[in-house]
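Chains as they are written, first to last, in our numbering: chain A, 1 to 302; chain B, 1001 to 1647. Backbone N, C-alpha and C define an ideal beta-carbon position, used for all residues, glycine too. Just so we're clear, the structure is a prediction, and the values are computed from it rather than from any experiment.
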């Protein structure tokens, strides 16, 4: 006998499942963007739940900037194997050819080429009309106004003034050829909800979330991990071993670690609850300038 | 209490256990530009300690640049997101904020207050359980306040908190608070909102937001956050009528055929009989499948996949219901609609309707009226422009299984999509307007024939012009009460008085109606209902002619009186209750109605063997036993006079 009332976590889960099913039913060719992080992990589990006992009825796609942590890639490959995912990876080959990297070209240009452009290429190549992303509204202020269904024109551009009103759970799934919708099933989840769900579902996460001694250097007040020998060390800079972990994962040169001893799921949650800083603090790209995320989104960033 | 202290005291496991069981409350905040809405939300986030240090530092930085609070941190900047709005100092869209306390998780839909953003407010309100409506204590109830309240009520929000803000600027005056409360209360009685709560506060200083404070000792109620943590919303859910819109057919292999969907209302149990709409074919629920294992039942809100005993043809867009509690299948639907698009609503043009998981072509065949959202008056209209609200009749290519929005939010709502631009152009809320024909199944064909009649805009004289010509503002006085309670006497007395004072009015009572237009009706419950519905429709037509109507009918059922009020239009409709005890009415039984009922010769006489539902909030209650007829007439005239309807 189930209860008539749902806890907030159950309610979030059920609402996300509804969204996943709605997209699968109405779009011709949806795709799920998988970033390997904790939110993507939750999104994958929700997709498993939405379509069980059938398989996840769409492709799972990773846009690889080639600067991801090594552990992320091995975790990704394991997930693909364990869940039997229909998986694809996309790398902006032109960017690789031109040797685009965060050090010589600056974070803005690098992100634009290897993330934003790469994503657009991948979506065009696959002729996808809907793409799931794991973004949450509580991540950043400009995300607070993002719809669950975010409409993008032929150029993948997001126009904050031209978004469809979203009432009840009646999502307008109609697009013309070339247009697409980015769908955020986790819109209403918070960072804490995500961790609680991971705990409840016993979901695997990339080990980088857990504290461990790792080689790091300090830059602009954050710890950057020396994940491979591509990280150019500045004069006098020497990697040191520190107990650190990551609250958010991305490209290793752009992702700050925090000093921590939290090496289990409950400890991570407790640390987060006691923390006085928000998770995006570790992301270098948001700090370019106030409103920077909005600019990136207009261009087609997720 | 701070989070760290809670953790120290309870330990993580207990904390998480409790946290996991928290309910969610979705609320909407609405206010005008300067009511202090962003400050209020910022204050709630800040005082409930859900703002992180880095965010606070960024806000501090922004505060120095855009802030309006001098040295102190501008809490409004915690919530104002986009660059454009930050520079203009206004919020321009629906923004969602999240925070949790020990008791609940909250999702705040933060909507702006300008006229042009009605659509955002409707969007925000559509999923909310509660609305916080801000009023600036200096200005009181404004047009904006009324507009916001109307929209929230229209979208079905049952719990209102009226946050009377900036009390610091009116010297924390209890009298000022009471004035605003009373003014709002009078206006809100027309909205039919179940629960309205008033809280005086100052978001700037924090008084009565999270903490009580000391400036208003006269206020005994709880601060806002307390109220939000405890207000009871669980019973707002419809757990009675089973509605399961099928989202997808699941066929992983030849042995499994399931139907995936979210239970919209009611409960689905293994072994239950179900009917699939629109086919009407029946079967039994064999299993309820989820990733986490099978369930025995699934309540509203749960996303499941079900299998059935029999192979019946079901596809996306169909709805599974209980066979003995099925919603009507309708091609023509009456609804209130909020228009979103720059292109106005065009009667006759084809749109797409999305209702639950079903999509169908549809055309608007009539615009019954437009509501002036500022003063709630109904106006005749041939189109609806962006941000306008009106009542329409819409005709669909395929039938929809519809419920009234008031009874079932998920099955009573739909959106309209432009087929060419794919824009979401409108949002509709289905109005229950069952006729006795439909209730009894009689005259069904005739009723359907009406569906083919298209309203053509041939009218050259408007109701406004007629009003001006007659020099009167028409109204409808609906007199209800037991048989022999004095309704007709009052009606004819008033007609005479109005005639003497140059006001054109028509009386409709049982005699007039049943001897003419309603000759075909009997006295069954459905026929009585139809009798009243027609009276209301005539009154509506009279209104458009500029003529008042005095209806004197027993009209014993509250719901049916409410329907009459809806047909006529709330602000011109006045319910007068002739209150006399049954014994007194029986004593006046000059034509032997009661006597025959008592003798068992006739059945269904109100007061004897049929119920009379006493009006909750009539505009006027008359004591027709104690007071003389002339006194009662004077009271009616006085009421009409204070409302400026007669001289």
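Give me the chain B residues within the contact set of residue i, using Cβ-Cβ distance strictly less than 7 Å, ordered along the chain.
i, result
"residue 271 of chain A", "In chain order: nothing, as chain B lies at least about 10 Å away."
"residue 11 of chain A", "1024, 1301"
"residue 144 of chain A", "1081, 1095, 1096, 1097"
"residue 156 of chain A", "Chain B residues near residue 156 of chain A: none, gap ~17 Å exceeds 7 Å."
Could you check which residue in the options has the C-alpha nearest to that of residue i?
i, options, result
"residue 1227 of chain B", "B:1265, B:1289, B:1163, B:1266", "B:1163"
"residue 1248 of chain B", "B:1239, B:1236, B:1262, B:1254", "B:1262"
"residue 1551 of chain B", "B:1526, B:1577, B:1118", "B:1577"
"residue 54 of chain A", "B:1167, B:1290, B:1528, B:1160", "B:1290"
"residue 10 of chain A", "B:1292, B:1120, B:1646", "B:1292"
"residue 1319 of chain B", "B:1479, B:1218, B:1565, B:1283", "B:1283"
"residue 27 of chain A", "A:171, A:155, A:110", "A:171"
"residue 252 of chain A", "A:149, A:44, A:66", "A:66"
"residue 1215 of chain B", "B:1019, B:1222, B:1202, B:1225", "B:1202"
"residue 1559 of chain B", "B:1533, B:1148, B:1579, B:1549", "B:1533"
"residue 1332 of chain B", "B:1158, B:1495, B:1538, B:1395", "B:1395"
"residue 1384 of chain B", "B:1142, B:1402, B:1339, B:1361", "B:1339"
"residue 1337 of chain B", "B:1013, B:1426, B:1528", "B:1426"
"residue 1407 of chain B", "B:1223, B:1526, B:1158", "B:1158"
"residue 1583 of chain B", "B:1608, B:1575, B:1280", "B:1608"
Tell me which same chain residues have a C-beta within less than 6 Å of the C-beta of residue i, skipping the five on either side of it?
i, result
"residue 1295 of chain B", "1288"
"residue 1089 of chain B", "The pLDDT assigned to residue 1089 of chain B is 41, lower than 50, so where the model puts this residue is not dependable, and the model offers no usable value."
"residue 1233 of chain B", "1129"
"residue 149 of chain A", "171, 181, 183"
"residue 1272 of chain B", "1285"
"residue 178 of chain A", "154"
"residue 56 of chain A", "47"
"residue 128 of chain A", "29, 31"
Just list the residues that DSSP pairs residue i with in beta bridges.
i, result
"residue 1330 of chain B", "B:1400"
"residue 1099 of chain B", "B:1106"
"residue 243 of chain A", "A:213"
"residue 1337 of chain B", "B:1390, B:1428"
"residue 1133 of chain B", "B:1030, B:1162"
"residue 32 of chain A", "A:60, A:132"
"residue 1366 of chain B", "B:1393"
"residue 1200 of chain B", "B:1164"
"residue 1259 of chain B", "B:1249, B:1306"
"residue 1321 of chain B", "B:1243, B:1275"
Short of 8 Å in beta carbon distance, which residues of its chain neighbour residue i, apart from the five on each side in sequence? Order them along the chain.
i, result
"residue 1304 of chain B", "1260, 1261, 1262, 1263, 1268, 1288, 1289, 1290, 1295, 1298"
"residue 262 of chain A", "210, 211, 245, 268, 270, 271"
"residue 1644 of chain B", "1473"
"residue 1363 of chain B", "1347, 1348, 1349, 1350, 1351, 1394, 1395"
"residue 1048 of chain B", "1099, 1101, 1210, 1225"
"residue 8 of chain A", "193"
Less than 7 Å between C-beta atoms, sequence neighbours within five positions excluded: which residues of the same chain meet that for residue i?
i, result
"residue 1632 of chain B", "1490, 1622, 1624"
"residue 18 of chain A", "169"
"residue 1450 of chain B", "Residue confidence is low: residue 1450 of chain B scores 40 on pLDDT, short of 50, so the model does not pin down where it sits. Its coordinate-derived value is still stated next. Taken in chain order, the list of residues that qualify is empty."
"residue 1495 of chain B", "1505, 1507, 1550"
"residue 122 of chain A", "61, 63, 90"
"residue 1374 of chain B", "1143, 1146, 1147"
"residue 1523 of chain B", "1604"
"residue 110 of chain A", "100, 101, 102"
Interface residues of chain A around residue i at Cβ under 8 Å?
i, result
"residue 1252 of chain B", "53, 54, 55"
"residue 1414 of chain B", "170"
Which residues in chain B have a C-beta closer than 9 Å to the C-beta of residue i? List them in chain order.
i, result
"residue 23 of chain A", "Going along chain B, no residue has its Cβ under 9 Å from residue 23 of chain A, so there is no contact; the nearest lies around 10 Å."
"residue 5 of chain A", "1023, 1234, 1237, 1299, 1301"
Starting from residue i, find everything on chain A with Cβ-Cβ shorter than 9 Å and list it in chain order.
i, result
"residue 1007 of chain B", "270, 273, 274"
"residue 1394 of chain B", "Result: empty, since nearest Cβ-Cβ is about 15 Å, beyond 9 Å."
For the putative contact between residue i and residue j, defined by C-beta atoms under 8 Å, what is the C-beta separation to the nearest angstrom?
i, j, result
"residue 1104 of chain B", "residue 1044 of chain B", "Their Cβ separation, rounded to whole angstroms, is 12 Å, which puts residue 1104 of chain B and residue 1044 of chain B out of contact at 8 Å."
"residue 1191 of chain B", "residue 1125 of chain B", "Between residue 1125 of chain B and residue 1191 of chain B the Cβ distance is about 13 Å, and since that is not below 8 Å, they are no contact."
"residue 38 of chain A", "residue 217 of chain A", "Wrong, their Cβ atoms sit about 25 Å apart, outside the cutoff."
"residue 41 of chain A", "residue 203 of chain A", "5 Å"
"residue 1325 of chain B", "residue 1241 of chain B", "6 Å"
"residue 1548 of chain B", "residue 1475 of chain B", "5 Å"
Taking Cβ-Cβ distances shorter than 7 Å, what residues in chain A pair up with residue i?
i, result
"residue 1275 of chain B", "By Cβ distance, chain A contributes nothing, its closest Cβ being about 22 Å from residue 1275 of chain B, past 7 Å."
"residue 1266 of chain B", "Within 7 Å Cβ-Cβ: nothing; residue 1266 of chain B doesn't reach chain A, min ~10 Å."
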